[in-house]
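Colleague:
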Amino acid sequence: MTIGDRSSSLPTLRRSFFKQAAAFSATLGAAASAWLAETDPQSASVGMRGALAADGSAPLKMAFIQWQPHTVPAAWSKGIEEVLKDQPQTQYKLLDGQNKVEVQVSLMDALINEGTSVIFLQPIDSVALAPSINKAKRAGISVITLNIDATAQHAAHVEMSHYYGAMEIARVMGEKMGGKGEVAILNAPPGIIIRDQRTNGFVDGLKKHHPNVKVVADQVADWSRKKAQDVLATILNAKPGLSGVYGVNDSMALGAVDVAKEKGLLGKLVIFGNDGEKDALESIETGELTGTQYTDVFQQGRFAASAATVLASGQVPATAFKKQAHLLMPFVIATRENVKQIQPSQRW
Amino acid sequence: MNGSALVEARAVSKVYGLSTVLHPTDFVVVASEVRGLVGSNGAGKSTLLKILTGAIAPTSGQVLVDGEIAPPAKPLQMLRRGLACIYQHSNLVAEMSVLDNIFIGRQPTHLGLVQRKLLRQRAQALLARHGMDFDLDATVSTLSTVRQKEVEILKALALDARVLLMDEPTGWLSVSDVTRLHATIDGLRSRGVGIVYISHVLDEVFDICDAVTVMRDGRVVADQPIAQLDRARLIELMVGKTLATQAFDQAHDGVRRAPPTGVPRLRCRALTKRGEFHDVSLEVHAGEILCVTGLVGSKRTELVQTIFGASRFDSGTIELEGVPLEFHSPRAAIANGIGFVTEDRHRDGLMLDLSIAENLVAATLSRYRRGLLLAGARIRATARRLIAALNIQPPNLAKPVRLLSGGNQQKVLLGKWLDMQPRLLILDEPTVGVDIGAKAEIYALLRAARDNGMAVLVVSSDLEEVMTIADRIAVMVAGRLVRTREACETKIVDLVRDMGAVPA
Amino acid sequence: MIRRRGNSALPIFFLLTFALFCAVVPRFASASNLEALMAGYAFIAIAAMGESFAILLRGIDLSVGAVMALAGMVAFDASLILHLPGYLTIALALVLATFAGALNGVLIVFLRLQPFIATLATLAAYRGIVFTISGRQLVPELSTAALTDPWITGLDAYFDIGATLGVESISLPAVPLSFLLMIVLLVLFEVLLRSTRFGRDLYATGGNPEAARLAGIDLRRTVLIGYGLSGFCAGVAALLLVARLTTSTEALGNGMELTAIAAAVIGGVRLNGGAGSMWGPVIGTFLLGVVLMGLTLFGISQFVQQILTGAILLAAIAHSRWLQARSLFRHSAPEAS
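Next up, the structure:
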């Protein structure tokens, strides 16, 4: 079951946090009751770790295992901390996966042993972390994944709306290109679900909205700005008639911008990124990058933390969910026209 | 069978690049005979030995064992055919036990596992047979050098070889150890083993050998039963007749030079470094060449390295023109006007891949500094001047030193230090691997430097060289300075006697 | 037999550290934590043992992680694309890993490359091959597929020794198969090193290659087998890890070579060859494991943990140097001519 807005070009990003949280919690609560109605009475009685917090005896432990230090997980962590600091009984810590799957697995083990109630996880690999998630579930721990889903069912998954966002990008991009032309995709290394989601969403979006815009190149640029420069330069040699570039993340899109600037093609190339980083937004403001999908990553962290508090309060045992919650973050396709509305405090 | 040829080398030679280290040579090892192999440094003895044992391959020629040609450069093959060798350098695995080292590579196995008990039994039998005593489980690195040498001997004996080759086996042994070793050799000889004994210590050669082969400059010059020779004749053969007689009366053409006066440029008093040298006192005056000679292992290199500041000493003093100094680094020594031409020009003298010019100015770079850069034109001018003065061939500034002949390389090294105009110049084995022509040029350069007031300290194992250039000669034995003489009062025979003396 | 005076400090230090953490850190001595420790570090210890073969030979193996990735990906492809039965997959991965390791030996022996350079080259080459053969890219649907073959998943089994021994009063940790496998390999390798001629030859080759050569030891064969063993161990470690993750990634084992080297050095294996045992890397690995897991449970930040790991490594090297200096006799060895 999916909750959340599918798309929004609304200029109302200034909705206050509390309104959103309230709205979100209400919907989650409602959905939870609906789910509970489906649950097996026996599993509902399985003890929920963390139920202690309700009577305030032992502190609730929560931890976030990130992929590796980066602006995105740092912003998530900040958002999570904001919510959790209002909960005096909760201890929270940030752990680093050091870009190694086995480290994340080891950390999961350590947290399970420690009696953690909720684990936020940005899995380096969707399959490799599945056994650990199952182990956590058996121990009664709720696992909430951020941005990258895992193949084992868990409590909740909060993502940047990869698929639908990419679809929207395709739509807006096609408009900017005048409905026709050739597009190159600067892509991530294969093997992560998010790559497929962002690519398929884009391709499907083009098919649906702008069938005359053709994808003529799809090359791996390793999420990196530098690599993207090299890759795009090569593509331009082969396809001089290129009129659009879609970087599956902002770093790669900014690399494309660098190349366009160097070759004097800024006016001719429509370049879109994905993520909504601070640098990307500034680039849009100066008229270099054409647009990106912006998600308030702090907000994403806050949402995750809210879900965690609900789960940990003991009212809704993690094992009670038959299906995993799947939350898509609201997003905005930021372009020159609306980028100013994104406040500095929301930039990451 | 007495007198039968066990190992024979036929016309074996060895050429390294441009230099011929061993000219085509024949050599036979006979059963029940101890054959001495003597000659000065660089005569080719070690090379011949290594070809016989398969450690290196000959450039031409063959080695036959029992009349059959043996494959070259296969140590295992020679070991299997019964050739054991005690090399000059340490051939033990430091971190393994004595027992393991003795049977290295040849442990008896059963079903793939080493038969420990059998190994130990054999070792103990070996110790008993030769009257030695050892803790078989001791790690070799914890033993003294003497004991380590004994392990090497045991290793060779354990092979039950038919031919035993020894390269300077007694360098570290005391008198009683040497006696014991000779007794062992006697025993082996009576059992039909053929033995080759390389040694500088002529006393030993006369004691134990039945016959002697003399080598000089890569050739065999004599091959006779020991009874037909006496010491003087042997030395003559080693050093070369004409040169030997020259040496007896050539130094300063017999003219006694004026004794040096004033404060010595360098004076060492009771210099001691534990484990290396002990109570060494010497002086070098301005305008004088002092040669320090001795056998391999007498620690002369360690002494001069300490003077130069490359290593520290434990007690004693060093004075430079009366001022007590202690250099803790070569940089400090250079700053005080001391230059050092090292023993191994390849390893720590020249920068082989750099050009002649770059090497020539390496010690005096500060002279060419102009702000943050180096004055290229001045460097080139200096290089050209030195190349001409030293007759370096080919006279090409940019040629990498690696491509020069040994003699020219040594001249570049010498040029580097001479240009520094040091107050004291130390040279360690300055003409190793250098042809006759370059040797003469280098001697001339040293004499010229001396005449210009430089103090020169030369470490040399080449007696011929010592007699040619020295004003004074000092002899070191096992880390002690035993004698210092005026060169014009010295004969080679005196030096040889001093060097074979047992330290007090 | 090599005197093990030096190594006695390490097991004592390990036990002390372990006891310290048990006492101070909550839940450290619990059954589940010990299981996590064994499961998380046994495969690393196996890789460290393999690396030790290379270091004992006075060389180094930088390609351990890359060989792991290669073996893991081959297992993945064999099982999920070719649908080979589990026992065949395991055999294939191990054989390949051994050859991959032996290739290092070939480069060192026949092309005369320095071990650092040779294994650096194979590191790059193997990582590249892994990307080319990656099943998750050849067949994108497989990137979310888990390995289910019972032979492979069976490698991640746990043995309830408490039940077997009938111990009810305290909860004993369930021992992972990987840990038992590690013990088996430890024993086998120790016997190999101490009691076979190959083992003696290995020590000699690493301790003094020239002496070994002159004693007739076949240096080439020794080096080839040594690096082959290193590859084999990497293969075993890979299979154990893949079983734990139920998948293989292109980045599997990234950085494993450095961990293995650190564990070996902490375990007393000398970097200039010829000294060390198989106990060393195993204890070294678990020492690192105890420290890192203990610190995580204690709440120490991971950056501090990395600093501490470095400090332990430095301390181990200093200790080893001190022992070496102390045991050398006063007299120096005869001069080499």
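Keeping their order, the protein sequence lines are chains A, B and C. For the first sequence, our numbering assigns the number 1 to the initial residue and increments by one for each residue that follows. For the second sequence, our numbering assigns the number 1001 to the initial residue and increments by one for each residue that follows. For the third sequence, our numbering assigns the number 2001 to the initial residue and increments by one for each residue that follows. C-beta atoms are modelled at their ideal positions from N, C-alpha and C, and glycine is treated no differently. Quick caveat, the model's predicted, so the values are computed rather than measured.
1. Three Cβ pairs or more, each shorter than 8 Å: is that satisfied between the stretch 1345-1365 of chain B and the stretch 1394-1407 of chain B?
2. Would you give the residue range spanned by the alpha helix (DSSP H) that asparagine 274 (chain A) belongs to?
3. State the Cα-Cα distance for the pair threonine 90 (chain A) and tryptophan 67 (chain A), rounded to the nearest angstrom.
4. Could you give the first and the last residue of the continuous beta strand (DSSP E) run that contains threonine 2122 (chain C)?
5. With proline 1024 (chain B) as the anchor, note down where its beta strand (DSSP E) starts and where it stops.
6. Using a Cβ-Cβ distance under 8 Å, would glutamine 2324 (chain C) count as near chain A?
7. Name, please, each residue of chain B whose Cβ falls closer than 8 Å to the Cβ of leucine 2214 (chain C).
8. Pull up the DSSP beta-bridge partners for threonine 1109 (chain B), would you.
9. Return the residue from the list C:Val2167, C:Phe2076 and C:Ile2283 that minimises the CA-CA distance to threonine 2249 (chain C).
10. List, from N- to C-terminal side, the alpha helix (DSSP H) runs of 4 residues or more that fit wholly inside the stretch 1351-1391 of chain B.
11. Just to confirm the assignment, what range does the beta strand (DSSP E) spanning proline 2140 (chain C) have?
12. Using the beta-carbon of each residue, which ones in chain A are nearer than 9 Å to alanine 2145 (chain C)?
13. Let me check understanding here. Comparing Cα to Cα, which of A:Thr71, A:Ile65 and A:Leu111 lies closest to aspartate 96 (chain A)?
14. Which value, in whole angstroms, describes the spacing of the CA atoms of serine 2134 (chain C) and glycine 174 (chain A)?
15. Mind listing the chain C neighbours of isoleucine 193 (chain A)? Cutoff is C-beta to C-beta under 8 Å, in chain order.
16. For the stretch 208-222 of chain A against the stretch 230-244 of chain A, do three or more pairs of beta-carbon atoms, one drawn from each stretch, fall closer than 8 Å, so that the two count as touching?
17. My parser needs the beta strand (DSSP E) runs of 3 or more residues fully inside the stretch 71-113 of chain A; what are they?
18. Could you work out which residue in C:Val2265, C:Thr2259, C:Ser2178 and C:Ala2275 is closest to lysine 100 (chain A) when comparing CA atoms only?
19. Nearest-angstrom Cα distance between arginine 198 (chain A) and aspartate 125 (chain A)?
20. Can you find a CB in chain B that lies within less than 8 Å of the CB of alanine 2238 (chain C)?
21. With a threshold of 6 Å on Cβ separation, who are the neighbours of lysine 1411 (chain B) within its own chain once the five nearest residues in sequence on each side are excluded?
22. According to the Cβ coordinates, are isoleucine 148 (chain A) and alanine 155 (chain A) closer than 8 Å?
23. DSSP state of valine 1412 (chain B), grouped into three classes?
24. Counting only beta-carbon separations shorter than 8 Å, does threonine 2222 (chain C) have a partner in chain B?
25. From the beta carbon of glycine 2274 (chain C), is the nearest beta carbon of chain B less than 8 Å away?
26. Out of C:Glu2210, C:Asn2254 and C:Val2175, which one is the CA nearest neighbour of lysine 1050 (chain B)?
27. Alpha carbon to alpha carbon, how far is alanine 2204 (chain C) from glutamine 1148 (chain B)? Give it in angstroms, no decimals.
28. According to DSSP, glutamine 1224 (chain B) sits in a beta bridge with which residue or residues?
29. I'd like to confirm the pairing. Which residues does DSSP put opposite aspartate 1167 (chain B) in its beta bridges?
30. Looking only at its chain, what residues have a beta carbon closer than 8 Å to the beta carbon of cysteine 1209 (chain B), apart from the 5 residues adjacent to it on each side?
31. Whose Cβ in chain B lies nearer than 7 Å to the Cβ of arginine 2338 (chain C)?
32. On the three-state DSSP scale, how would you describe threonine 292 (chain A)?
33. Less than 8 Å between CB atoms is the rule here; does methionine 1096 (chain B) satisfy it with respect to chain C?
34. Pull up the distance between the alpha-carbon of isoleucine 1473 (chain B) and that of leucine 1229 (chain B), whole angstroms please.
35. Between leucine 2297 (chain C) and glutamate 114 (chain A), how many whole angstroms is the CB-CB distance? I'm expecting something under 8 Å.
36. Nearest-angstrom Cα distance between glycine 264 (chain A) and serine 243 (chain A)?
Modeller: Short version:
1. As far as the Cβ criterion goes, the stretch 1345-1365 of chain B touches the stretch 1394-1407 of chain B, which means the pair count is three or higher.
2. Position 274 of the first sequence holds residue 274 (chain A). Careful: asparagine 274 (chain A) lies outside any alpha helix (DSSP H), inside the beta strand (DSSP E) at 270-275.
3. By 1-based counting over the first sequence, the position of residue 90 (chain A) is 90. By 1-based counting over the first sequence, the position of residue 67 (chain A) is 67. Distance between the alpha carbons of threonine 90 (chain A) and tryptophan 67 (chain A) is about 23 Å.
4. Against the third sequence, residue 2122 (chain C) aligns to sequence position 122. Threonine 2122 (chain C) -> not in any beta strand (DSSP E); alpha helix (DSSP H) instead, spanning 2115-2133.
5. As a first step, residue 1024 (chain B) is located in the second sequence; it is residue number 24 there, counting from the start. Its beta strand (DSSP E) spans residues 1019-1030.
6. The residue given as residue 2324 (chain C) occupies position 324 in the third sequence. The beta carbon of glutamine 2324 (chain C) sits no closer than 8 Å to any beta carbon of chain A.
7. For the purposes of this step, residue 2214 (chain C) is taken as residue 214 along the third sequence, with counting starting at 1. Near leucine 2214 (chain C) (Cβ distances below 8 Å), the residues of chain B are Thr1053, Ala1055, Pro1075, Cys1085, Tyr1087 and Asn1091.
8. Indexing the second sequence from 1 puts residue 1109 (chain B) at position 109. The partner list for threonine 1109 (chain B) (beta bridge, DSSP) reads B:Val1114.
9. Start at 1 with the first residue of the third sequence, and residue 2249 (chain C) comes out as number 249. When each option's Cα is compared against that of threonine 2249 (chain C), the closest is C:Phe2076.
10. Runs of the alpha helix (DSSP H) lying entirely within the stretch 1351-1391 of chain B and spanning at least 4 residues, in chain order: 1356-1360 and 1376-1390.
11. For the purposes of this step, residue 2140 (chain C) is taken as the residue at position 140 of the third sequence. According to the DSSP assignment, proline 2140 (chain C) belongs to no beta strand (DSSP E), since it is labelled neither H nor E.
12. Locating residue 2145 (chain C) in the third sequence gives position 145, counting from the first residue. Those are Val127 and Thr151, listed as they occur along chain A.
13. Taking the first sequence and counting its residues from 1, the one referred to as residue 96 (chain A) is at position 96. Considering only A:Thr71, A:Ile65 and A:Leu111, the residue with the shortest C-alpha distance to aspartate 96 (chain A) is A:Ile65.
14. In the third sequence, the residue the question calls residue 2134 (chain C) occupies position 134. In the first sequence, the residue the question calls residue 174 (chain A) occupies position 174. If I take the Cα positions, the gap works out to 34 Å.
15. The residue given as residue 193 (chain A) occupies position 193 in the first sequence. Within chain C, the residues near isoleucine 193 (chain A) are Ser2143 and Thr2144.
16. Three or more Cβ pairs drawn from the stretch 208-222 of chain A and the stretch 230-244 of chain A lie within less than 8 Å of each other, which places the two stretches in contact.
17. Counting only runs of 3+ residues, the beta strand (DSSP E) found wholly inside the stretch 71-113 of chain A occupies 90-96, in chain order.
18. Within the first sequence, residue 100 (chain A) is the residue found at index 100, counting from 1. When C-alpha distances from lysine 100 (chain A) are compared across C:Val2265, C:Thr2259, C:Ser2178 and C:Ala2275, the shortest belongs to C:Thr2259.
19. Residue numbering aside, residue 198 (chain A) sits at position 198 when the first sequence is read from its first letter. Residue numbering aside, residue 125 (chain A) sits at position 125 when the first sequence is read from its first letter. Distance between the alpha carbons of arginine 198 (chain A) and aspartate 125 (chain A) is about 17 Å.
20. Taking the third sequence and counting its residues from 1, one reaches residue 2238 (chain C) at position 238. No, its Cβ sits nowhere closer than 8 Å to a Cβ of chain B.
21. Walking along the second sequence from the start, residue 1411 (chain B) turns up at place 411. Closer than 6 Å at Cβ, skipping near neighbours: Leu1390 and Ile1392.
22. Translated into positions along the first sequence, residue 148 (chain A) becomes position 148. Translated into positions along the first sequence, residue 155 (chain A) becomes position 155. Contact: no.
23. Locating residue 1412 (chain B) in the second sequence gives position 412, counting from the first residue. DSSP places valine 1412 (chain B) in helix when its eight states are reduced to three.
24. Numbered from 1 along the third sequence, position 222 holds the residue referred to as residue 2222 (chain C). No, its Cβ sits nowhere closer than 8 Å to a Cβ of chain B.
25. Reading the third sequence from its first residue, position 274 is the one you call residue 2274 (chain C). Yes, glycine 2274 (chain C) lies at the interface with chain B (some Cβ there is under 8 Å from its Cβ).
26. As a first step, residue 1050 (chain B) is located in the second sequence; it is residue number 50 there, counting from the start. Residue C:Glu2210 is the option with its Cα nearest to lysine 1050 (chain B).
27. Taking the second sequence and counting its residues from 1, the one referred to as residue 1148 (chain B) is at position 148. Taking the third sequence and counting its residues from 1, the one referred to as residue 2204 (chain C) is at position 204. C-alpha of glutamine 1148 (chain B) to C-alpha of alanine 2204 (chain C): approximately 16 Å in a straight line.
28. Numbered from 1 along the second sequence, position 224 holds the residue referred to as residue 1224 (chain B). For glutamine 1224 (chain B), which the question treats as bridged, DSSP gives the partners B:Val1212.
29. One-based indexing of the second sequence puts residue 1167 (chain B) at position 167. Paired residue(s): B:Ile1198.
30. As a first step, residue 1209 (chain B) is located in the second sequence; it is residue number 209 there, counting from the start. Counting only Cβ-Cβ distances below 8 Å, and skipping sequence neighbours, we find Val1034, Arg1035, Gly1036, Tyr1197 and Ile1226.
31. Only positions 2001 to 2337 of chain C appear in the structure, and residue 2338 (chain C) is not among them; the question remains open.
32. On the first sequence, position 292 is the one that residue 292 (chain A) refers to. In the structure shown, threonine 292 (chain A) sits in a strand (DSSP, three-state: E or B).
33. Walking along the second sequence from the start, residue 1096 (chain B) turns up at place 96. Answer yes: the Cβ-Cβ gap between methionine 1096 (chain B) and chain C drops below 8 Å somewhere.
34. The residue labelled residue 1473 (chain B) in the question sits at position 473 within the second sequence. The residue labelled residue 1229 (chain B) in the question sits at position 229 within the second sequence. If you take the alpha carbons of isoleucine 1473 (chain B) and leucine 1229 (chain B), they lie about 27 Å apart.
35. Taking the third sequence and counting its residues from 1, one reaches residue 2297 (chain C) at position 297. Taking the first sequence and counting its residues from 1, one reaches residue 114 (chain A) at position 114. 6 Å between Cβ atoms; contact.
36. Looking up residue 264 (chain A) in the first sequence gives position 264. Looking up residue 243 (chain A) in the first sequence gives position 243. In this structure, the CA atom of glycine 264 (chain A) is about 13 Å from the CA atom of serine 243 (chain A).
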